[in-house]
Amino acid sequence: MVIDTPVLINDKVESIPVLLDSGADQSFILEGYAKEKELKIIEENVNLDLTIFGQTPKTLKSKKVEFELLTNDGTILTTAITVPSITGSFDPIEITPEENDLLSSENIELINIRKPKTPVALLGCDVFWHLMSNEQKMRLPSGRYVIPTTIGHLVCGSYESQYPTKTHALMATISNYSDESFTEKNFENYFEISNIGITGDEIDPTDKQLIDDFYKKVSINELTKRVSTKLPWKKDHKSKLANNKGVAICRLSQQYNYLSGKPEWKKLVENFETMEKTGKIEEVHNDPEAGYFIPYGLVFNEGSNTTKVRTVFDASSHKKGEISLNNSLHQGPSLVPDILAVLLRIRKGKYLLSGDIEKAFHAVEVDEEDRDALRFLWLKDVSKPPTKDNLRLMRFTCLPFGVNCSPFLLAMAIKYGIENSEASEKLKEAVKSTCYVDNIFFTSDSKDELQKLYQEAKHYFGEIGMNIREFSTNFPETFIKDEDRATNTDNVKILGYHYDIETDQLSVKSPPAPDPIGMNIREFSTNFPTNFGFANQFWIRTMSSNKRAIRQ
Numbered sequence: 001m002v003i004d005t006p007v008l009i010n011d012k013v014e015s016i017p018v019l020l021d022s023g024a025d026q027s028f029i030l031e032g033y034a035k036e037k038e039l040k041i042i043e044e045n046v047n048l049d050l051t052i053f054g055q056t057p058k059t060l061k062s063k064k065v066e067f068e069l070l071t072n073d074g075t076i077l078t079t080a081i082t083v084p085s086i087t088g089s090f091d092p093i094e095i096t097p098e099e100n101d102l103l104s105s106e107n108i109e110l111i112n113i114r115k116p117k118t119p120v121a122l123l124g125c126d127v128f129w130h131l132m133s134n135e136q137k138m139r140l141p142s143g144r145y146v147i148p149t150t151i152g153h154l155v156c157g158s159y160e161s162q163y164p165t166k167t168h169a170l171m172a173t174i175s176n177y178s179d180e181s182f183t184e185k186n187f188e189n190y191f192e193i194s195n196i197g198i199t200g201d202e203i204d205p206t207d208k209q210l211i212d213d214f215y216k217k218v219s220i221n222e223l224t225k226r227v228s229t230k231l232p233w234k235k236d237h238k239s240k241l242a243n244n245k246g247v248a249i250c251r252l253s254q255q256y257n258y259l260s261g262k263p264e265w266k267k268l269v270e271n272f273e274t275m276e277k278t279g280k281i282e283e284v285h286n287d288p289e290a291g292y293f294i295p296y297g298l299v300f301n302e303g304s305n306t307t308k309v310r311t312v313f314d315a316s317s318h319k320k321g322e323i324s325l326n327n328s329l330h331q332g333p334s335l336v337p338d339i340l341a342v343l344l345r346i347r348k349g350k351y352l353l354s355g356d357i358e359k360a361f362h363a364v365e366v367d368e369e370d371r372d373a374l375r376f377l378w379l380k381d382v383s384k385p386p387t388k389d390n391l392r393l394m395r396f397t398c399l400p401f402g403v404n405c406s407p408f409l410l411a412m413a414i415k416y417g418i419e420n421s422e423a424s425e426k427l428k429e430a431v432k433s434t435c436y437v438d439n440i441f442f443t444s445d446s447k448d449e450l451q452k453l454y455q456e457a458k459h460y461f462g463e464i465g466m467n468i469r470e471f472s473t474n475f476p477e478t479f480i481k482d483e484d485r486a487t488n489t490d491n492v493k494i495l496g497y498h499y500d501i502e503t504d505q506l507s508v509k510s511p512p513a514p515d516p517i518g519m520n521i522r523e524f525s526t527n528f529p530t531n532f533g534f535a536n537q538f539w540i541r542t543m544s545s546n547k548r549a550i551r552q
């Protein structure tokens, strides 16, 4: 069966006729097409043994290239062997009027070719099954089937009347083909956590070295008053970083296709408009191929009082054989205090004041020389799809959400800004012991002292371009300004726990008790509150023992 398949070629999306063959163990592509489109060559001199019925086997010198298929679920990086030809021309399938009416009623658009075409590529079982969808197939009156794939629906199978059909045959085997073995390095890469950079260098700098390096390079932007920092690059990785532009284009196309015309798309447009107006992002006018382009998506959090929709950037994105931005940066040490310690410290005083740093990551500027590593793609006309003429090259001027070193740099920026201010020791101690990422807490036995801490925090955080908002207390007060006050005091959250400001109580919703026999204990434990880890481990061991006892 031959289908029209969208592919990404040199940052451009085009459709090519592709023959699907689940019996082939390798994918192939026309060498003329690969040469014309300058597909990336990943291996030279591949010996291809061709066996044709009734003829002596022949050996061809070929190449291994790669390209990307565009599907509804994302992109599939495909490797293929170049060949002079694949098959002859295929005729399109015939759809009866009855079948056409049925397909129209089901709103099904077929991806089968509509006119005679010669396949440009053959996709074997190395790719074939990745295209298959879990949706239910549909039987047509002719006896053929409509098969759902991640590209679209296709018709295949034979007529019940068994009309004679043309047969196209290709048989190929590969000899002397050196494939990469599963080495120890592969094993290490496999266990990197989503390639977000949680992996060591051959010679990893110590936490102290990274902190010292931050202090050497940090500064205060005199114009914006914000803390400005450089990214903590791994040695020689900045020059090795590919631009990832092709992946970014695919992701933007997917976002447009899925969200355009929906409220979510409007929210994404509003997010970027706001960030550009406030100087968090800026348009790029220099080399369009420089730097690294970060794909992005939307994350929804209806439980949040402030940010219901967040644009999250995927700095772990990369093509096969290349490195991501997160692979290229030191993540840095975790400087947030232990969450259990924070929960205990905020119970020390009689009164509690909590606040939230508004868009904390965006309050830390990135040095000019590192901003091209924080590029992304946007649209000139948001009502039209991504094309070469409708793309805007943008970049962050501040820390994006999704870069692995952002939490480290944010914590260091707050520490640096407040330590070098004239803030009181009480405020400095709060930053050190009860500031958790973008949440800060103050406790005291005196209401007057909390009022002073509120005013002081607003002032000194404001001096480094950070705005603390969503303040709430466990006592009636009048000193918090309306624009700083929590908008929904019935839904105050403290580190994931619901906080009742009237009763001064923290609470958490636990999942319902599982069936001790039918439930995977460790799977269930991932949903159980783990801040009090020692209790959780005891619970797991007890439940596991009970489970074994019940089975016996």
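Numbering-wise, full-length UniProt numbering puts 175 at position 175 of the sequence shown, and it's gapless, one number per residue. Backbone N, C-alpha and C fix where the C-beta goes; we use that ideal spot for every residue, glycine too. On a predicted model such as this, the values are computed, not experimentally measured, just so you know.
Return the residue from the list the options that minimises the CA-CA distance to residue i.
{"i": "Ala423", "options": "Tyr499, Ile464 and Phe128", "result": "Ile464"}
{"i": "Arg226", "options": "Gly279, Tyr454 and Gly261", "result": "Gly279"}
{"i": "Val299", "options": "Ile323, Ser328 and Gln255", "result": "Gln255"}
{"i": "Gly321", "options": "Gly74, Gly291 and Glu43", "result": "Glu43"}
{"i": "Val284", "options": "Ala413, Asn439 and Arg375", "result": "Arg375"}
{"i": "Lys240", "options": "Ser324, Phe67, Thr224 and Gly246", "result": "Ser324"}
{"i": "Gly88", "options": "Val120, Glu94, Thr78 and Lys61", "result": "Val120"}
{"i": "Ala486", "options": "Gly355, Thr82 and Met412", "result": "Gly355"}
{"i": "Leu391", "options": "Tyr436, Asn112, Ala248 and Lys217", "result": "Ala248"}
{"i": "Tyr216", "options": "Thr489, Leu19, Ser328 and Met412", "result": "The sequence given here places Lys at residue 216; Tyr does not occur at that position. Comparing Cα-Cα distances from Lys216 to each of Thr489, Leu19, Ser328 and Met412, the minimum goes to Met412."}
{"i": "Glu94", "options": "Lys262, Phe461 and Gly143", "result": "Gly143"}
{"i": "Ser406", "options": "Glu449, Trp233 and Lys115", "result": "Trp233"}
{"i": "Asp338", "options": "Glu264, Ser433 and Cys156", "result": "Ser433"}
{"i": "Tyr460", "options": "Leu329, Ser85, Ser421 and Ala341", "result": "Ser421"}
{"i": "Phe408", "options": "Tyr436, Thr5, Ile346 and Ser260", "result": "Tyr436"}
My output table needs one value for residue i: the three-state DSSP class, helix, strand or coil.
{"i": "residue 555", "result": "This structure leaves residue 555 out entirely; the chain is present only between 1 and 552."}
{"i": "Asn536", "result": "Below a pLDDT of 50, predicted positions are generally treated as unreliable, and Asn536, at 48, falls in that range; the measurement from the model is reported next regardless. Of the three classes helix, strand and coil, the one that applies to Asn536 here is helix, per DSSP."}
{"i": "Cys405", "result": "coil"}
{"i": "His285", "result": "coil"}
{"i": "Pro205", "result": "coil"}
{"i": "Asp4", "result": "strand"}
{"i": "Val155", "result": "strand"}
{"i": "Gly496", "result": "coil"}
{"i": "Pro17", "result": "strand"}
{"i": "Tyr145", "result": "strand"}
{"i": "Tyr292", "result": "coil"}
{"i": "Ile220", "result": "strand"}
{"i": "Ile86", "result": "coil"}
{"i": "Asp448", "result": "helix"}
{"i": "Gln162", "result": "Confidence in Gln162 is poor, its pLDDT being 46 and thus under 50, which makes the residue's placement too unreliable to answer from."}
{"i": "Val437", "result": "coil"}
{"i": "Gln455", "result": "helix"}
{"i": "Asp11", "result": "coil"}
{"i": "Phe272", "result": "helix"}
{"i": "Ile418", "result": "helix"}
{"i": "Val127", "result": "helix"}
{"i": "Leu335", "result": "coil"}
{"i": "Phe442", "result": "strand"}
{"i": "Ser317", "result": "coil"}
Per DSSP, residue i is paired with what?
{"i": "Ala430", "result": "Its beta-bridge partners do not exist; DSSP assigns none."}
{"i": "His237", "result": "The partner list for His237 (beta bridge, DSSP) is empty, contrary to what the question assumes."}
{"i": "Trp378", "result": "Arg392"}
{"i": "residue 602", "result": "Missing from the structure shown is residue 602; the chain here goes from 1 to 552 and no further."}
{"i": "Ile41", "result": "Val65"}
{"i": "Ser228", "result": "Ser219 and Glu365"}
{"i": "Met132", "result": "Thr149"}
{"i": "Ala80", "result": "Val65"}
To the nearest whole angstrom, what separates the beta carbons of residue i and residue j, a pair I think is in contact under 8 Å?
{"i": "Asn243", "j": "Glu273", "result": "Between Glu273 and Asn243 the Cβ distance is about 25 Å, and since that is not below 8 Å, they are no contact."}
{"i": "Leu131", "j": "Thr71", "result": "7 Å"}
{"i": "Thr82", "j": "Glu68", "result": "Contact flag wrong, Cβ pair sits at about 17 Å."}
{"i": "Lys117", "j": "Pro17", "result": "4 Å"}
{"i": "Ile29", "j": "Asn112", "result": "With 8 Å as the limit, Ile29 and Asn112 do not qualify as a contact, their Cβ atoms being about 20 Å apart."}
**Request:** Could you tell me whether the segment 324-334 touches the segment 206-214, using the rule of 3 or more Cβ pairs below 8 Å?
**Result:** yes
**Asked** So, do the segment 16-23 and the segment 110-129 have three or more beta carbon pairs nearer to each other than 8 Å?
**Response** yes
**Asked** Below 8 Å, can you find three or more Cβ-Cβ pairs linking the segment 313-324 to the segment 287-296?
**Response** yes
**Request:** Indicate whether the contact test is met: 3 or more Cβ pairs, each with one atom in the segment 4-12 and one in the segment 92-99, closer than 8 Å.
**Result:** no
**Asked** Between the segment 473-482 and the segment 369-381, do three or more beta carbon pairs fall short of 8 Å?
**Response** no
**Message:** I'd like to know if the segment 390-403 and the segment 353-366 are in contact, where contact means that at least 3 CB-CB pairs between them fall below 8 Å.
**Reply:** yes
**Item:** Stretch-stretch touch, CB-based, cutoff 8 Å, three pairs: the segment 438-454 with the segment 343-354
**Value:** yes
**Prompt:** Given 8 Å as the limit, is there contact between the segment 408-421 and the segment 216-230, that is, 3 or more CB pairs closer than that?
**Reply:** yes
**Touching by the beta-carbon criterion (3+ pairs, under 8 Å), the segment 30-44 and the segment 141-150** = no
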